[in-house]
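Numbering (the working numbering), first residue to last: 66 to 392.
Contents: one structure, followed by commentary.
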C-alpha cells in the first residue's frame, strides 16, 4: 500500500526547470511547485513576462528565505537552444543540473490542410511542440548521465536517490486527430512516440533513476487558446463541441497530482482517459487491470464516436458545396 500512497515526485528542496513558465499552465505549475518548496527555473523568450512571472512564483514560496528562483531567456523553436539553457541552469544551481524538467512551451495553429499557410504552420508547430521538448529532454539526460555518474551512484551507500523526472506536455490530440488539426496533432503524436521510447531507454541507466511522464490535457483557456481559435476552421470547432476547455490552474494542479501518483499518462479529464484507453499500444499503463479492461471497451465507443464525427464532416462538406456552387 505504501507504493500506491507515496509521493513519486517529492519536490521540496529540489530544482525544477519549466519551459513556457512565464504564462498559462507553465506559470500556474511553477507557482504550485514553489508552494511545495521547490527551487524554480522558468524559461521563455519574453524577458518582461519572465520578470513578472518570477515575482508571483516567489510570492507563492513555501520557504521564501531558502528557496531560489531563476529566469532564462530562450526560444524553444531555435535549434540547439537546450544545451545552453541546461548549462545556464546548472551553473546557477551550484553545478548541479535541475532535478526535474517540465516541457510546457507549445502552440497550436489549426487550419485545413489545403490552406496556403498549412505547411508553414505545421513546420513551426513541430519546431516548438516536438523539437523544443525533444532537445530539452536530450540535453537534460546528457547532463544527468555524465560519464562516471552511474558508477558514483552505484558506489554510494544509503537509500536509492530520488528519481529525476522528464515531463512532456502532450494533448488529448496525442492519441486522436481531427479535421483541421493536421498542422498540430502530428507534433503531439511525435512527442508521445518519443516519451514511449524514453520510458524504455531510461532502463539502460539503472543507477540514475529517471521517470518519464506525458501530460495530456484538453483545451486550456489561455491566451494561446484564444489565438488558436482565430485560425480554427468552423468544422473543427463543430467537432470539438463536447470539449470543455479547462483553466490553466486546474490543469496544472491535476497534472501535478497525477505525476505524484507515479502515472505515465497524466490526464486531466475523463475525456483524456477515454482517449488514452483507445490508443494504448505499447505505452506504459497507469493501472494494468483498469487500463486493460477499458482498452477492450473503448474501441466500441470510438467506433460510434468516429462514425458521428465523419458524418458531421460529410454533412458540413455537402452544405459548403451547396452554399458555394462553382462558377
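Yeah, the Cβ is synthetic: ideal placement off N, Cα and C, and Gly gets one too.
### Query
For residue 132, does the count of other Cβ atoms within 10 angstroms reach 16, so buried, or fall short, so exposed?
Counting from 1 along the chain shown, the entry for residue 132 is found at position 67. It is buried - the Cβ of residue 132 has at least 16 other Cβ atoms within 10 Å.
### Query
Under a three-way DSSP split, which group does residue 446 fall into?
No statement about residue 446 is possible, as the shown extent of the chain runs from 66 to 392 and does not include it.
### Message
For residue 174 and residue 290, what's the separation of their Cα atoms in angstroms?
### Response
Looking up residue 174 in the chain shown gives position 109. Looking up residue 290 in the chain shown gives position 225. Cα to Cα, the separation comes out at about 9 Å.
### Query
Do residue 332 and residue 341 have their C-beta atoms closer together than 9 Å?
Position 267 of the chain shown, counting from 1, holds the residue named residue 332. Position 276 of the chain shown, counting from 1, holds the residue named residue 341. It is a contact, given that the beta carbons lie within the stated cut-off.
### Task
On the DSSP bridge assignment, give the partners of residue 80 in chain order.
Within the chain shown, the letter at position 15 stands for residue 80. Paired residue(s): 104.
### Query
Grouping DSSP H, G and I as helix and E and B as strand, with all else coil, what is residue 346?
Here residue 346 refers to the residue found at position 281 of the chain shown. Coil, per DSSP.
### Message
Please classify residue 276 as buried or exposed, where buried requires at least 16 neighbouring CB atoms within 10 angstroms.
### Response
The residue you call residue 276 lines up with position 211 of the chain shown. Residue 276 is buried by the Cβ-count criterion.
### Query
Could you give the residue range of the alpha helix (DSSP H) that holds residue 301?
Residue mapping note: residue 301 aligns to position 236 of the chain shown, counting from 1. From DSSP, the alpha helix (DSSP H) with residue 301 extends over 299 to 304.
### Query
Since residue 178 is in the alpha helix (DSSP H), which residue starts that stretch and which ends it?
The sequence position of residue 178 within the chain shown is 113, counting from 1. Premise fails: residue 178 is in no alpha helix (DSSP H) and is neither H nor E.
### Query
Assuming residue 183 contacts residue 378 under a Cβ cut-off of 8 Å, what Cβ separation, rounded to an integer in Å, is found between them?
Position 118 of the chain shown, counted from the first residue, corresponds to residue 183. Position 313 of the chain shown, counted from the first residue, corresponds to residue 378. Wrong, their Cβ atoms sit about 17 Å apart, outside the cutoff.
### Task
Kindly indicate the opening and closing residues of the alpha helix (DSSP H) around residue 120.
Stepping through the chain shown from its first residue, residue 120 is reached at position 55. Per DSSP, residue 120 belongs to the alpha helix (DSSP H) from 112 to 124.
### Message
Using the Cβ count rule (16 or more neighbours within 10 Å means buried), how would you classify residue 268?
### Response
For this step, residue 268 is matched to residue 203 along the chain shown. Residue 268 is exposed by the Cβ-count criterion.
### Beta-bridge partners of residue 280, as assigned by DSSP
Translated into the one-based positions of the chain shown, residue 280 becomes position 215. Its beta-bridge partners are 234, 331.
### Task
Assign residue 174 to one of three DSSP states: helix, strand, or coil.
Taking the chain shown and counting its residues from 1, the one referred to as residue 174 is at position 109. The answer is coil: DSSP assigns residue 174 none of H, G, I, E or B.
### Task
Just tell me which of 231, 73, 252 has its CA closest to the CA of residue 193.
In the chain shown, residue 193 corresponds to position 128, counting from 1. Considering only alpha carbons, the answer is 252.
### Message
Please list the terminal residues of the continuous alpha helix (DSSP H) segment that includes residue 254.
### Response
Numbered from 1 along the chain shown, position 189 holds the residue referred to as residue 254. Start and end: 250 to 266.
### Task
If I'm right that residue 141 touches residue 170 with Cβ under 8 Å, what's the distance once you round it to whole angstroms?
Here residue 141 refers to the residue found at position 76 when the chain shown is read from its first residue. Here residue 170 refers to the residue found at position 105 when the chain shown is read from its first residue. Residue 141 to residue 170, Cβ: 5 Å. Contact.
### Query
Secondary structure at residue 136, three-state DSSP: helix, strand or coil?
Position 71 of the chain shown, counting from 1, holds the residue named residue 136. Residue 136: strand per DSSP, three-state reduction.
### Task
Taking all protein chains shown into account, decide if residue 257 is buried (16 or more other Cβ within 10 angstroms of its Cβ) or exposed.
The count along the chain shown starts at 1 and reaches residue 257 at position 192. The residue is buried, with at least 16 neighbouring Cβ atoms inside 10 Å.
### Query
Do the CB positions of residue 109 and residue 84 come within less than 9 Å of each other?
Taking the chain shown and counting its residues from 1, one reaches residue 109 at position 44. Taking the chain shown and counting its residues from 1, one reaches residue 84 at position 19. Cβ distance < 9 Å, so residue 109 and residue 84 count as in contact.
### Task
Can you give me the Cβ contacts of residue 250 inside the same chain, cut-off strictly under 7 Å, excluding the 5 residues immediately before and after it?
Translated into positions along the chain shown, residue 250 becomes position 185. Contacts found: 238, 242.
### Task
Determine contact between the stretch 316 to 323 and the stretch 81 to 100, defined as no fewer than three beta-carbon pairs at a distance below 8 Å.
yes
### Task
In angstroms with no decimal places, state the Cα-to-Cα distance between residue 301 and residue 351.
Along the chain shown, one-based indexing puts residue 301 at 236. Along the chain shown, one-based indexing puts residue 351 at 286. If I take the Cα positions, the gap works out to 30 Å.
### Query
Apart from the five residues just before and just after residue 231, which ones in its own chain have a Cβ nearer than 6 Å to its Cβ?
Translated into the one-based positions of the chain shown, residue 231 becomes position 166. Excluding residues within five positions, the ones whose Cβ falls inside 6 Å are 166, 202, 277.
### Own chain residues within Cβ distance below 8 Å of residue 204, not counting five before or after
Residue numbering aside, residue 204 sits at position 139 when the chain shown is read from its first letter. If we look at residue 204 and ignore the five residues flanking it on each side, its Cβ neighbours are 147, 148, 150, 151.
### Task
Name the residue from 226, 135, 72, 358 whose alpha carbon lies nearest to the alpha carbon of residue 156.
Against the chain shown, residue 156 aligns to sequence position 91. Checked all of 226, 135, 72, 358; the closest Cα to residue 156 is 135.
#### Entry: Residues bridged to residue 229 (per DSSP)
Here residue 229 refers to the residue found at position 164 when the chain shown is read from its first residue. Paired residue(s): 275.
### Query
Taking the alpha-carbon positions, what's the residue 312 to residue 284 distance?
One-based indexing of the chain shown puts residue 312 at position 247. One-based indexing of the chain shown puts residue 284 at position 219. Each residue's alpha carbon lies about 9 Å from the other.
### Task
Starting from the C-beta of residue 380, find all residues in its chain whose C-beta is less than 6 Å away, skip the five residues before and the five after it, and write them out in chain order.
Within the chain shown, the letter at position 315 stands for residue 380. Around residue 380: no qualifying Cβ.
### Query
To which residues does DSSP link residue 168 through a beta bridge?
Here the question's residue 168 lines up with position 103 in the chain shown. Paired residue(s): 84, 233.
#### Entry: Burial state of residue 373 (16 or more Cβ within 10 Å)
On the chain shown, residue 373 is found 308 positions in, with the first residue counted as 1. Exposed, since its Cβ has fewer than 16 Cβ neighbours within 10 Å.
### 8 Å contact criterion, which residue 94 and residue 320 should meet: CB distance rounded
Taking the first residue of the chain shown as position 1, residue 94 is located at position 29. Taking the first residue of the chain shown as position 1, residue 320 is located at position 255. That pair is a contact at about 7 Å.
### Task
Please name the residue, chosen from 143, 189, 371, 281, that lies closest to residue 51 on a Cα-to-Cα basis.
Outside the displayed range of the chain (66 to 392) lies residue 51, so it cannot be described from this structure.
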